[in-house]
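Residue numbers (my numbering): 2 to 254.
Ideal Cβ positions, reconstructed from N, Cα and C, are used throughout, including at glycine.
See below for the structure under consideration.
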Ligand code: DGL
């Protein structure tokens, strides 16, 4: 049985956890929500690197065989320093799904929703650089999205207005494909899809990250699939937000 550590600035990483349990249903999970320090989006890279070190120690203490950085912002700011500091520990990070979006767009315009930290990170900029000769890439920060999800607000007029403000500029630019570049955003996907309409495809990279985690565990020879399944949740702040979204995920949403 593998022990899988997952962390995010809050409950957003549960969108990755929900895909992980589909491909690795019999493992032991430890999820750390750093909601006392959320959002990470506007914090300095150094701040996020320090939080990443602290949380990595916590998860290793729980016996983690692998750490999934289920946060695009933390991946951008800290995964390289974490890999350097813990060379024996496998880390799996988030990939902005620009490649499938660029390959699939018919309008030639891809929209990316992410945090400010992710959009200015070298990982994203390098990925964008690979495709921007072929397609137009329009970007927008999902302003207020993380706060909505942390507050358990996933639908209704306030959510629609907040989502529309960041989504509309991408639709106006002609995007027919929207990449969700923050792990909180998939919890707003039903609203995003409703507002964008049926001709727009919305891509959540979480299934690909889950498959990559399985691949790394297999490569390392970590025994998997033996069970029993278990999950432990931990929050640096009020646990209510995490419990609320976890209940949705556990209920199959
Ligand atoms: N879920 C994090 C991400 O993927 C949230 C960002 C934040 O805390 O601002 O980027």
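Name the DSSP bridge partner or partners of residue i?
| i | result |
| --- | --- |
| residue 234 | 32 |
| residue 202 | 178 |
| residue 115 | 142 and 182 |
| residue 92 | 68 |
| residue 9 | 34 |
| residue 74 | Paired residues: none, contrary to the question. |
| residue 1 | One cannot answer for residue 1 here, as it falls past the ends of the chain, which runs 2 to 254. |
| residue 4 | 29 |
Around the C-beta of residue i, are 16 or more other C-beta atoms found within 10 angstroms, so that it is buried, or is it exposed?
| i | result |
| --- | --- |
| residue 131 | exposed |
| residue 103 | buried |
| residue 231 | exposed |
| residue 36 | buried |
| residue 115 | buried |
| residue 83 | buried |
| residue 199 | exposed |
| residue 58 | exposed |
| residue 126 | exposed |
| residue 19 | buried |
| residue 169 | exposed |
| residue 187 | buried |
| residue 13 | buried |
| residue 243 | buried |
| residue 237 | buried |
| residue 248 | exposed |
| residue 221 | exposed |
Report the rounded CA-to-CA distance for residue i versus residue j, giving the unit in angstroms.
| i | j | result |
| --- | --- | --- |
| residue 207 | residue 68 | 15 Å |
| residue 255 | residue 89 | Outside the displayed range of the chain (2 to 254) lies residue 255, so it cannot be described from this structure. |
| residue 71 | residue 108 | 30 Å |
| residue 54 | residue 202 | 36 Å |
| residue 283 | residue 22 | The question about residue 283 has no answer here: the residues shown for the chain are numbered 2 through 254. |
| residue 25 | residue 250 | 15 Å |
| residue 79 | residue 123 | 11 Å |
| residue 91 | residue 66 | 7 Å |
| residue 194 | residue 5 | 31 Å |
| residue 42 | residue 228 | 36 Å |
| residue 172 | residue 17 | 26 Å |
| residue 223 | residue 9 | 23 Å |
| residue 119 | residue 178 | 19 Å |
| residue 153 | residue 190 | 14 Å |
| residue 159 | residue 143 | 14 Å |
| residue 266 | residue 3 | The structure shown does not extend to residue 266, since the chain is modelled only from 2 through 254, so no value can be given for it. |
| residue 149 | residue 85 | 34 Å |
| residue 87 | residue 50 | 13 Å |
| residue 141 | residue 15 | 23 Å |
| residue 235 | residue 32 | 6 Å |
| residue 245 | residue 253 | 13 Å |
| residue 28 | residue 175 | 42 Å |
Give the range of the alpha helix (DSSP H) segment to which residue i is assigned.
| i | result |
| --- | --- |
| residue 130 | 123 to 132 |
| residue 105 | 99 to 105 |
| residue 223 | No alpha helix (DSSP H) holds residue 223; DSSP gives it neither H nor E. |
| residue 196 | 190 to 197 |
| residue 158 | 158 to 173 |
| residue 58 | 46 to 62 |
| residue 152 | Residue 152 -> no alpha helix (DSSP H), and no H or E assigned at all. |
| residue 18 | 15 to 24 |
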